[in-house]
């Protein structure tokens, strides 16, 4: 059974030593009073909750799964899930970073980010029940009327009610313009919505008093395609004017998907049969609100893989120290034992350090993004808000795709450390591989993310935002350019930054003539961008570590950080050399293949 | 539900056009009379058997799994498995390439290789029941006494009895020297064997009349470690002198593992409680016979991933042509439809072509290996036998590790083509990912393979066998060096061959001072070697295709081969650039990490 030590020390390092988040918060009236001690104390409790309440349900939830009673449409979650959720609500955790206007605690988003990393590490399937609520909350908060907010946000903040995002239909996932669900306007200003939605995570369950579905559908007089899609609130139970629950709405779960992983999360097919809904935002402008949900969800998905990478690493590390098998190639290490622990083997260490470097690099990016999100929404300076929003928009597809691809590689590598025992459910490690696999798919496949990054976020504004990120690297290069000790970390990112600028121009030029050139390069390009971002954060983390060590700090944490940085630049970052080549290979080798793909 | 078209055309291409196997067979009295038509006819029937009998049981077998009755130790395989096996036996398939002296049909091993590719593609879990028999057969054939062979080989050839390999114990997998199972000599020349074995594939089932376990155990007076391990035949039912079944032996299944995949294969914990066994080969020389089983098993595991890669590719290709979603970036392709089939998207094509290139490259290597195995055993010229054995020994870890890593990448990519539908069990594609995962672990993890390749097979003889493979490349370079049309295929392998020679010398030198340098480079090195081997075969396949096209052959098969070769060299082979860098990164970044891995 896997164990988990909340990575509080590393979170503190990233928040307080690397980014000095409280300095940022001082500029925001909302958080001017927050201090490091408060943040750390909350996260310590969060770590306990994840470890004590949620972790013990992960393996059992996977084995048991969810059950649908087809007669009543009732979905039962695995044993203990409901009780854990009740404790979550009682502890006030759903309200952590929510708006105080609706009962939220108003803590910085970074606190919620770290809470969610720990929850998803210990139980991704469970965490998706409250997790999906965040997206629905954000869309309602941004686009709902005051009455809608008053009616729903308070109970979603408290966690009494959960939320969902109902987008996908059997024939349309990525291509929401093909959507068929219909909304008919009623005389009382409501709508009657009919259609079938699939892959609705946490779409039905027994954990909350009501479920607030945010449903995309098409008004009867809407234009075709994506410009005719509107967003509606469709509660499971209609809500009376006084806030009490009314009649059961015409929305129910007709099927649970049998999946590779995240068995304990109910992935529902949802039937809407004249369900009563109210419009959110303007008619035919549903995609605007959808993107509020979606951008949050994409960051959340990256965070899921960050959590899985961390827990897979911790358990593989423990196994590698415990399991004895063969002798070290360079001579016996454990003379008192019949064999050496397998951690003496270089490749076992490589698999472990890969997971560690991806987890810690991912944590830096995730926390950086959560601060950008905070600034985008709450910074008093409009320019900071705008710049932060643009940078976050650039980094969102990296966070989603790079972290989830890395999570897959890391989880599989950690499973490999266990040898044959890793393939057995008993050790718990293979579940991380199965759970991590969905993260590369949902909320926009990683291919979609790469097109979003290269096509929209980079070429779409002629590389302006990428240049802004380049300036961060430039500043670091300038700061540390003459520091010999930093050369091993600075040179690779300075070099790659240059190369990427050229590559971007080149693809932009080719793509102008043939858009398939962008599609052919995008996935490799995103991975290069991911390493540029990780390389930057790893260089900055090494900088902090080197300074602490130089100052005589003997906490082994800093040496560990430095060793992991060196490993990252020596063994993972060089992947970019090949990726630059394959990103340049052009579209012909893919598109002139009619005979091969006949 | 997945479908399958036996890749007979490509098998024929590799056997008859690329390698001209019947020319090789003419030199071997055993196969002097075999002709292309016979081989092709047998494989056509084999393809039918796989598709009609075995494929329909794959999804249901995964869902149902095996069941153990703890009271009786009886293992029940999924519905239909037993009947399919009876058909397999009735069709004479187990005997295909077996020795005619024991009832075998004596067909070339390449026929059996292609049969097994198709069986494992359509149902890896089922195929492991007869598959494990091969290893036991080979060890007995090589090391058994005439009496032992007479007693067992005939029924194993017919398939009436199956075989297993009982090596692993709870505390020892890779490190068989730690083994504890004990064998006590009896006055009658037999042994009484006691111990616990785990991870025994097909270790107990209801498909055959008897199960012949080949068990590694330690004689009571044996020296410690790997030099004190002996091999024994331990049948489930003792066999009387007249060949009839006697009493139930003291060996039984005490537990079935609950695994990530290959659910339908019974992975058994086997208890030996004074089971009666007879010694195979010399006392304390069990590892020799073990390696006969193991080398065959390693080729077989590579073949499993080849099969899975092919069927994953076929089904992802069909889905990509059928599923419509979004428009092509370069303009609408299917004007009559509301969206384009997703195969218009460059990255979808990349995922498909990756699987195709790995399947076809893997098939070339697998068939090449099966011809080497044939020559090693049956060629009249001793030098050819020796050279073939050496080359096969070099290529075995590549076949095992490179094909299984590729299979994992390919299966996951093919699943990605399905988007969210790929994560659902219903489409059948995620099963290939789960099943493919074990292939990187069992019969020696891929890390172990890399150490076998670099440490033993290459540095162990100062690169002599690698040089022999280099001469194959050299001959091709010489033959086609002035052919402009071949330059795109020849230049990369000539370049990599040179670089690899230097890299090998460098690692050899460093490894001489510190053996961890070998361990630190081995996994990356194996992948470079894999691409050198695949690059060579892809260049030769392109050569055949170019010649046919130049001669006016309009069969689109050749154009498809050429397009896939171009894709391979443009998008997959360049991975070697980064791998050369990381292979060179040295052991310090892995070993000087005590703080990080504390």
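Residue numbers (this note's numbering), protein chains in the order written: chain A, 6 to 603; chain B, 6 to 603. Think of the CB as a built atom: it goes at the ideal place given N, C-alpha and C, for glycine as much as any other residue. For clarity, every value in this text was computed on a predicted model and none was experimentally measured.
Checklist entry - Distance, Cα to Cα, residue 163 of chain A vs residue 433 of chain A? => result Each residue's alpha carbon lies about 32 Å from the other.
Next on the checklist: Using beta carbons (cut-off 8 Å, strictly below), is residue 121 of chain B in contact with chain A?
Outcome noted: no
Checklist entry - Any idea if residue 545 of chain A is buried or exposed, counting beta-carbon neighbours within 10 angstroms, 16 or more meaning buried? => result buried
Checklist entry - Name the DSSP bridge partner or partners of residue 190 of chain A? => result Residue 190 of chain A has A/196 as its beta-bridge partners, per DSSP.
Next on the checklist: Tell me the DSSP secondary structure of residue 215 of chain B in three-state form.
Outcome noted: strand
Checklist entry - Which stretch, first to last residue, makes up the alpha helix (DSSP H) that contains residue 276 of chain B? => result Segment 272-285 is the beta strand (DSSP E) holding residue 276 of chain B; no alpha helix (DSSP H) there.
Checklist entry - Can you list the residues of chain B that residue 173 of chain A reaches, using a CB-CB cut of under 8 Å? => result 425
Checklist entry - Residues in the region 549-578 of chain B with C-beta within 7 Å of chain A's C-beta atoms, listed in sequence order? => result 561, 564, 565, 568, 569, 571, 572, 575 and 576
Item to check | Span of the beta strand (DSSP E) around residue 412 of chain B | outcome: Premise fails: residue 412 of chain B lies in the alpha helix (DSSP H), 408-422, not in any beta strand (DSSP E).
Next on the checklist: I'd like to know if residue 319 of chain B contacts chain A, where contact means its C-beta is closer than 8 Å to some C-beta of that chain.
Outcome noted: no
Item to check | C-beta contact flag for residue 531 of chain B and residue 474 of chain B at 8 Å | outcome: In this structure, residue 531 of chain B keeps its C-beta atom at 8 Å or more from the C-beta atom of residue 474 of chain B.
Next on the checklist: Can you tell me which residues form a DSSP beta bridge with residue 74 of chain B?
Outcome noted: Note: residue 74 of chain B is bridge-paired with B/79 in the DSSP secondary-structure output.
Item to check | From B/457, B/494 and B/589, residue whose alpha carbon lies closest to that of residue 504 of chain B | outcome: B/589
Next on the checklist: Could you check whether the Cβ of residue 530 of chain B sits closer than 8 Å to any Cβ belonging to chain A?
Outcome noted: no
Item to check | Distance, residue 378 of chain A Cα to residue 394 of chain A Cα | outcome: The straight-line gap from Cα to Cα measures roughly 7 Å.
Checklist entry - What residues of chain B sit near residue 354 of chain A, judged by a beta carbon separation below 8 Å? => result 595, 596, 598 and 602
Next on the checklist: I want to see whether chain A comes within less than 8 Å of residue 501 of chain B, judged by CB atoms only; does it?
Outcome noted: no
Item to check | Element boundaries [alpha helix (DSSP H), containing residue 158 of chain A] | outcome: 151-163
Checklist entry - Identify the residues that DSSP records as bridge partners of residue 258 of chain A: which are they? => result Residue 258 of chain A pairs with A/275.
Checklist entry - Are the region 467-487 of chain A and the region 365-385 of chain B in contact at 8 Å, needing three or more beta carbon pairs? => result no
Item to check | Complete runs of the alpha helix (DSSP H) confined to the region 453-539 of chain B [at least 4 residues] | outcome: 469-485 and 492-518
Item to check | N- and C-terminal bounds of the beta strand (DSSP E) containing residue 316 of chain A | outcome: Where residue 316 of chain A is concerned, there is no enclosing beta strand (DSSP E), although the alpha helix (DSSP H) it sits in stretches over 291-327.
Next on the checklist: Quick check on the burial criterion: 16 or more other C-beta atoms within 10 angstroms. Buried or exposed for residue 6 of chain A?
Outcome noted: By the 10 Å Cβ count, residue 6 of chain A comes out exposed.
Next on the checklist: I'd like to check one pair, residue 73 of chain A with residue 221 of chain A: are the Cβ atoms closer than 8 Å?
Outcome noted: no
Checklist entry - Hey, does residue 446 of chain B have any beta-carbon neighbour from chain A nearer than 8 Å? => result It does; some Cβ of chain A falls within 8 Å.
Next on the checklist: Going by C-alpha to C-alpha distance, which of B/14, B/255, B/374 and B/155 sits closest to residue 201 of chain B?
Outcome noted: It is B/255.
Checklist entry - Which residues in chain A sit within 8 Å of residue 452 of chain B, going by Cβ to Cβ distance? => result 350, 352, 353 and 421
Checklist entry - Rounded to the nearest angstrom, how far is the Cβ of residue 364 of chain B from that of residue 324 of chain B, given a contact under 8 Å? => result Rounded to whole angstroms, the Cβ separation of residue 364 of chain B and residue 324 of chain B is 17 Å, and the two are not in contact under 8 Å.
Checklist entry - For residue 346 of chain B, does the three-state DSSP call read helix, strand or coil? => result strand
Next on the checklist: Please list, in chain order, the chain A residues whose beta carbon lies closer than 9 Å to that of residue 179 of chain B.
Outcome noted: 330, 331, 347 and 424
Item to check | Three-state secondary structure assigned by DSSP to residue 561 of chain B | outcome: Helix.
Next on the checklist: Taking contact to mean 3 or more Cβ pairs, one atom from each stretch, closer than 8 Å, check whether the region 304-313 of chain A and the region 399-418 of chain A are in contact.
Outcome noted: yes
Checklist entry - Which partner residues of residue 170 of chain A appear in the DSSP bridge assignment? => result Beta bridge pairing from DSSP links residue 170 of chain A with A/219.
Item to check | Cutoff 7 Å; reference residue 315 of chain B; Cβ partners in own chain excluding five residues on either side | outcome: 12, 126 and 364
Checklist entry - On the premise that residue 238 of chain A lies in contact with residue 282 of chain A, defined as a C-beta separation below 8 Å, what is that separation, rounded to the nearest angstrom? => result 6 Å
Checklist entry - When you compare only the Cα positions, how much space is there between residue 148 of chain B and residue 248 of chain B? => result The straight-line gap from Cα to Cα measures roughly 20 Å.
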